[in-house]
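Each protein sequence line maps, in turn, to chains X and C. Numbering of the first sequence is given in the numbering used here, commencing with residue 23 and proceeding in unit increments. Numbering of the second sequence is given in the numbering used here, commencing with residue 1389 and proceeding in unit increments. Note that beta-carbon positions come from the ideal geometry of N, C-alpha and C, so glycine has one too. I have placed the structure first, in the form of structure tokens, so that the comments after it can refer back to it.
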Amino acid sequence: MTDLTQLTLEAALEGMAAGDFTSGEITEAHIRACERGRDLNAFITATFEQALEQAKASDARRASVKESGGEAGKLEGAPLGVKDLFCTEGIKTTAASRILGNFTPPYESTVTANMKAEGMIMLGKLNMDEFAMGSSSETSAYGSVVNPWKKHNRLVPGGSSGGSAAAVAADMCLGATATDTGGSIRQPAGFTGTVGIKPTYGRCSRWGIIAFASSLDQAGAIAKTVKDSAILLDSMAGYDPKDSTSLNVDNGNWVDACETSVKGLRIGIPKEYTVDAMPTEIQSLWDQGIEWMKDAGVGIVPVSLPHTKYALPAYYIIAPAEASSNLARYDGMRYGARVEGENLIDTYERTRAYGFGAEVQRRIMIGTYVLSAGYYDAYYLHAQKVRTRISEDFRNAWEVCDALLTPTCPGAPFEIGRQLNDPVTMYLNDIFTVTASLAGLPGISVPAGLDQDGLPLGLQIIGRALDEDTVFACAGALEQAADFTAKPEKWWL
Amino acid sequence: MFTAERVADAKDLIRSDTGDWEVVIGMEVHAQVVSQSKLFSGAATGFGAEPNSQVSLIDAGMPGMLPVVNEVCVEQAVRTGLGLNARINPVSRFDRKHYFYVDLPQGYQISQYEHPIVGEGEISIEPEGGQVIVVGIERLHLEQDAGKSIHDLSPDETYVDLNRSGVALMEIVSKPDLRSPGEASAYMEKLRAILRALGTCDGDMEKGNLRADVNVSVRRPGGELGTRCEIKNVNSMRFIRQAVNHEARRQISIIEAGGIVGQETRLFDANRGETRSMRSKEEAHDYRYFPDPDLLPLKLEQSFVDKIRAGLPELPDARKARFIRDYGIRAYDADVLTVDRGVGDYFEVLAKGRDAKIAANWMIGDLFGALNRAGLDFSDSPVSAGALGALLDRIADNTISGKIAKTVFDKMFRSGGTADEIIGREGLKQVTDTAAIEKLVDDAIAAHPQQAQNVKNNPKILGFFVGQVMKASQGKANPQAVNRVLRDRLEL
């Protein structure tokens, strides 16, 4: 029998529909892979027993649907992973932070509820950077996630959705949920040879997702293929009246869009994305990508996004500002960790000093500072103006092109520990992804090649707001041209 | 930012050896919005529920929970804005106001800082013994209430009740247009009357559903504005007057002693009738306001506002003018009868087809007096407008005298029953039978021959005989008939 963990989500769903294997079988296969991949530290909480029960129920459901001639759920029986930022009813949810302690939500996030309604089997809760703050999945209170791709030493899988990316790259699940605030889906996808889709802000409900920066946070998926990512996103997205920023629009026909011809489309190449000290192999991969798209019949247009250089500084004001506010609720009073002090203020201080890691504390302090009286105008308001300019840059670009092609990251995955104490270098990881986050645009990272050390590199497609159809079409063309089939050697087995 | 042009009435100046002082007052009133559920969650808002029984996941600040604005609360704020003759802002915004406290689960309060839903407006007030004053409204904004900390259930623990957490409040900010304690409380009375008439706040100060922060400063009459102190959470009309009075005098004595009034927040101690310092300007929180990214700007369609405007009830000022015009009652009575929507409605039922002045007198004198003595709210009155009306009808058709009617009213108030039942049961029907009255008159004259002789020289003695006859009839004789027969018999 074939190794069921080698299948794509699409093939697995087809296999189950054809009766080639059951959800129980493919779930068991993935549980075995998860157990053997413990060294990667991709999971915070495994829910294997529940997964087996869910798989059993799924098989029964599929049988009865078949009998009645109905249609199975979009994810019926597929074993998937869920980033531990999504609240899951009755399952411990940590945001990879000590502050949440043994918090077990009595509610289910809208996104995971949608996926469960479509038949998802949840293998467990995936590791990540604490409160999604980081680009390496090293800030987790549950230890660093390890990239399945290896050089000599262990590498980071990127972040913050590093557990999601590592688990998918290591064939421990067919796909996973992730969230993106400044690049937290696309960058780890780029680092692990997987596909990462961040949809338009407002496509996926934020209800029940632990907030980092509300105006930027957006759920999406990490998957093995572009089409798998479309299947996942289609099951996650949709209007939710419980989230005031949720968009009341229908999903596109994303799965089909992945195979739509891109002939005649215009792809913009932003000149500002050529940055100093970018490895030449990233530039040449980008050039290669341009050639692939040309071959697919796309017109290439040079474009300018002049405010790009201000994007990262603006992001590192807006995101910490919102984070400092969103994380105020973790005060040890109603749930989560609590360290008793001499008095109320002391209890707050001890609880938060114990509960939050260094990076989260740093961002809370930055955020508190930029919102303070006397600094608000100079920092926060200014950053918001930059954000408006960045959106205008994109709007101008859409006058001449339909999507943009850029590298996903300015470098290849790096060694664990190397950038942890150098926050500015760490923040530069998001330099190509953060603009689309600030403008709320859809972006996808597609694995496109290997560097000289045999590590994966990704290319990014950015599209117009709500135009995921074009994003998937371009990503599909890129995927086909790149024909990226490399897999990490399974050194952890 | 603020100017305060009007100079106080001469009677309201505070005299001192160093010359006259004038007090300048502005009010920030928090009014709890009448709504079934909270400003951003579906939890109920009823008063007096079991602690923490009306708390949603949002109100408790659980991870990943998001606010969704309650349209009813928005409607109520717009309705109130229209009632305050204020500008309704087509676009407003919710901001987060940060501070840490145990009864603030999110670590911030959602409020409207820079862009309130309602802008400038004005209302007119009529302080006792003064003229009509127009008081400017600076703004009205929507915000969440916090929970309640209870410190006295345990010596070393604080209990928190989150039922109030997230309940919608309207903060109504006046311009510094008030110049005396009396004007301050008259403003609050008027505001309460308007809110009640609109049905947007029940105005119950005892339950804390309406409370005032009073900003007080002093200056030489018409001079430059002084430094203000804010007195927090003053929750009765009397306390407002006391707090202003005490605070003005405190500030004057500081200045007269050569000191400088420091800007600070003060508490009113109702037991001692004084204010005391809570925190100085330096200790003030940095609230780090910024637009709430979980909520979109609040945009109001003109049609939404127009629909609310079309459905506005009659407001106290308009109703008062109508009562004076249509019912011919005194301005003072009209004022009293329009403070509360229910009182005005009662009066209109009572006055319909009857003498409105008599109706007003009965309500204000007898009904209010009885309710007051019994410690009952107007809405709990045991005598309905219909029942009181039936009693007034028996006076009008001479079945009973006005005096007997008071007795009947007392019985109706205490033990229920209609006027007719009580009159019948107790045999209180007025005697109009001339023969019976003639008998009583003759008896009275016979019993007091001296007075009967003197009556021609001293007509006041007639009153004595009326009294005697009424007494003999146990009040049931028709006074007009008694008068007529007496004049006849005494040849007056």
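*Grouping DSSP H, G and I as helix and E and B as strand, with all else coil, what is Glu93/X?*
On the first sequence, residue 93/X is found 71 positions in, with the first residue counted as 1. Coil.
*Could you tell me if Lys1859/C is buried or exposed, where buried requires 16 or more neighbouring beta carbons within 10 angstroms of its beta carbon?*
Within the second sequence, the letter at position 471 stands for residue 1859/C. Exposed, because fewer than 16 other Cβ atoms sit within 10 Å of the Cβ of Lys1859/C.
*Got a sec, what are the start and stop residues for the beta strand (DSSP E) Cys1617/C sits in?*
On the second sequence, residue 1617/C is found 229 positions in, with the first residue counted as 1. 1617 to 1622 is the span of the beta strand (DSSP E), which, as asked, contains Cys1617/C.
_Less than 8 Å between the beta carbons of Asp1764/C and Ala1585/C, yes or no?_
Along the second sequence, read from residue 1 onward, the residue named residue 1764/C stands at position 376. Along the second sequence, read from residue 1 onward, the residue named residue 1585/C stands at position 197. Before going on, a small fix: residue 1764/C reads as Leu here, not Asp. No, Cβ-Cβ distance for Leu1764/C and Ala1585/C is not below 8 Å.
*Same chain only: Cβ atoms within 6 Å of Ala458/X, ignoring 5 sequence neighbours per side*: Here residue 458/X refers to the residue found at position 436 when the first sequence is read from its first residue. Result list for Ala458/X: Gly465, Ile484, in chain order.
*asked:* Is the separation between the beta-carbon of Ala1778/C and that of Thr1795/C shorter than 8 Å?
replied: For the purposes of this step, residue 1778/C is taken as residue 390 along the second sequence, with counting starting at 1. For the purposes of this step, residue 1795/C is taken as residue 407 along the second sequence, with counting starting at 1. No. Outside cutoff.
*Given a cut-off of 8 Å, decide if Thr110/X and Lys78/X are closer than it, judged by their beta-carbon atoms.*
Stepping through the first sequence from its first residue, residue 78/X is reached at position 56. Stepping through the first sequence from its first residue, residue 110/X is reached at position 88. No; because the gap between Cβ atoms is not below 8 Å, this pair is not in contact.
*If Asp1549/C and Pro1439/C are in contact, beta carbons under 8 Å, what's the gap, nearest whole angstrom?*
Translated into positions along the second sequence, residue 1549/C becomes position 161. Translated into positions along the second sequence, residue 1439/C becomes position 51. Contact flag correct, Cβ pair sits at about 4 Å.
*asked:* What does DSSP give as the partner residue(s) for Trp314/X in the beta ladder?
replied: In the first sequence, the residue the question calls residue 314/X occupies position 292. Trp314/X pairs with nothing; no bridge assigned.
*Could you tell me how far apart the beta carbons of Val1843/C and Val1870/C are, in whole angstroms, since I believe they sit closer than 8 Å?*
Position 455 of the second sequence, counted from the start, is the residue given in the question as residue 1843/C. Position 482 of the second sequence, counted from the start, is the residue given in the question as residue 1870/C. 14 Å between Cβ atoms; not a contact.
_Within chain C, partners of Tyr402/X - CB distance below 7 Å_ = Looking up residue 402/X in the first sequence gives position 380. Within 7 Å Cβ-Cβ: Phe1678.
*To which residues of the same chain is Ile1402/C closer than 8 Å at the C-beta, ignoring the five residues directly before and after it?*
Working through the second sequence from its first residue, we reach residue 1402/C at position 14. Excluding residues within five positions, the ones whose Cβ falls inside 8 Å are Asp1408, Trp1409, Glu1410, Val1411, Val1606, Ala1636, Arg1637, Ile1640.
*Nearest-angstrom Cα separation, counted from Ser157/X out to Ser467/X*: Against the first sequence, residue 467/X aligns to sequence position 445. Against the first sequence, residue 157/X aligns to sequence position 135. Distance between the alpha carbons of Ser467/X and Ser157/X: 15 Å.
*Closer than 6 Å by C-beta to Asp1601/C: which residues in its own chain qualify, once you throw out the five before and the five after it? Chain order, please.*
Against the second sequence, residue 1601/C aligns to sequence position 213. Result list for Asp1601/C: Glu1416, Glu1618, Lys1620, in chain order.
*Mind listing the chain D neighbours of Asp353/X? Cutoff is C-beta to C-beta under 7 Å, in chain order.*
Given the protein chain composition of this structure (X and C), no chain D is represented.
*Quick one: complete beta strand (DSSP E) runs, 3+ long, within the region 86 to 155 of chain X?*
101 to 105, 143 to 148
*Let me know the secondary structure DSSP gives His1529/C once reduced to three states.*
Position 141 of the second sequence holds residue 1529/C. In the structure shown, His1529/C sits in a strand (DSSP, three-state: E or B).
*Can you list, in chain order, the residues of its chain whose CB lies under 8 Å from that of Pro1493/C, leaving out five sequence neighbours each side?*
For the purposes of this step, residue 1493/C is taken as the residue at position 105 of the second sequence. Only Asp1447, Ala1448, Gly1449, Gly1535, Leu1550, Ser1553 meet the Cβ criterion.
*Straight-line CA distance for Arg1896/C to Leu1655/C?*
In the structure displayed, chain C extends from 1389 to 1880; residue 1896/C sits before or after that span and is not available.
*Is DSSP giving His52/X helix, strand or coil here?*
Position 30 of the first sequence, counted from the start, is the residue given in the question as residue 52/X. Looking at His52/X - three-state DSSP - the assignment turns out to be helix.
*Positions along the region 1446 to 1472 of chain C whose CB lies within less than 8 Å of some CB in chain X*: Ala1448, Gly1449, Met1450, Pro1451, Gly1452, Met1453, Leu1454, Pro1455, Val1456, Val1457
*So does the region 1689 to 1701 of chain C actually touch the region 409 to 429 of chain X, counting three or more Cβ pairs closer than 8 Å?*
no
*Closer than 8 Å by beta-carbon distance: list the chain C residues that pair up with Trp229/X, in chain order.*
Here residue 229/X corresponds to residue number 207 of the first sequence, with the count starting at 1. Correct list: Gly1452, Met1453, Leu1454.
*asked:* Between which two residues does the alpha helix (DSSP H) holding Asn348/X run?
replied: For this step, residue 348/X is matched to residue 326 along the first sequence. Counting along the chain, the alpha helix (DSSP H) containing Asn348/X begins and ends at 333 to 348.
_Cβ of Ser394/X within 8 Å of any chain C Cβ_ = Taking the first residue of the first sequence as position 1, residue 394/X is located at position 372. Interface residue, yes.
*Taking C-alpha atoms, which residue in Lys249/X, Gly311/X, Glu344/X, Val408/X lies nearest to Pro1679/C?*
Locating residue 1679/C in the second sequence gives position 291, counting from the first residue. Here the closest residue by C-alpha is Glu344/X.
*Under 8 Å between C-beta atoms of Ile412/X and Ala359/X*: Residue 412/X sits at position 390 when you count from the first residue of the first sequence. Residue 359/X sits at position 337 when you count from the first residue of the first sequence. No; because the gap between Cβ atoms is not below 8 Å, this pair is not in contact.
*asked:* Going by the DSSP bridge assignment, what does His1418/C pair with across the sheet?
replied: For the purposes of this step, residue 1418/C is taken as residue 30 along the second sequence, with counting starting at 1. DSSP output for His1418/C lists Glu1559/C, Arg1599/C as bridge partner(s).
*asked:* To be precise: take each residue of the region 89 to 114 of chain X, compare its Cβ to all Cβ atoms of chain C, and keep it if any distance is under 7 Å. Which residues remain?
replied: Cys109
*Nearest-angstrom Cα distance between Glu371/X and Asn175/X?*
Indexing the first sequence from 1 puts residue 371/X at position 349. Indexing the first sequence from 1 puts residue 175/X at position 153. Between Glu371/X and Asn175/X, the C-alpha separation is close to 38 Å.
_Residues near Ala73/X in its chain [Cβ-Cβ closer than 7 Å; skip 5 each side]_ = Along the first sequence, one-based indexing puts residue 73/X at 51. For Ala73/X, where only same-chain residues beyond five positions count, the Cβ hits under 7 Å are Thr49, Ile53, Pro101, Ile143, Met144, Leu145.
*asked:* Quick check on the burial criterion: 16 or more other C-beta atoms within 10 angstroms. Buried or exposed for Glu21/X?
replied: This structure cannot settle anything about residue 21/X, because the visible part of chain X is limited to 23 through 515.
*Close-in-space but distant-in-sequence residues of the same chain around Ile219/X (CB under 6 Å, 5 per side omitted)*: Walking along the first sequence from the start, residue 219/X turns up at place 197. So the list reads Gly242, Ala243, Ser251, Leu255, Ile466, once near-sequence residues are dropped.
*How would you label Pro1569/C, buried or exposed, when you count the other beta carbons within 10 angstroms and need 16 or more for buried?*
Here residue 1569/C is taken as the residue at index 181 of the second sequence, counted from 1. It is buried - the Cβ of Pro1569/C has at least 16 other Cβ atoms within 10 Å.
*asked:* Do Phe108/X and Asn169/X count as a contact pair if the criterion is CB distance below 8 Å?
replied: Working through the first sequence from its first residue, we reach residue 169/X at position 147. Working through the first sequence from its first residue, we reach residue 108/X at position 86. Going by C-beta atoms, Asn169/X is not nearer than 8 Å to Phe108/X.
*Straight-line CA distance for Lys1426/C to Val1555/C?*
Here residue 1426/C refers to the residue found at position 38 of the second sequence. Here residue 1555/C refers to the residue found at position 167 of the second sequence. If you take the alpha carbons of Lys1426/C and Val1555/C, they lie about 5 Å apart.
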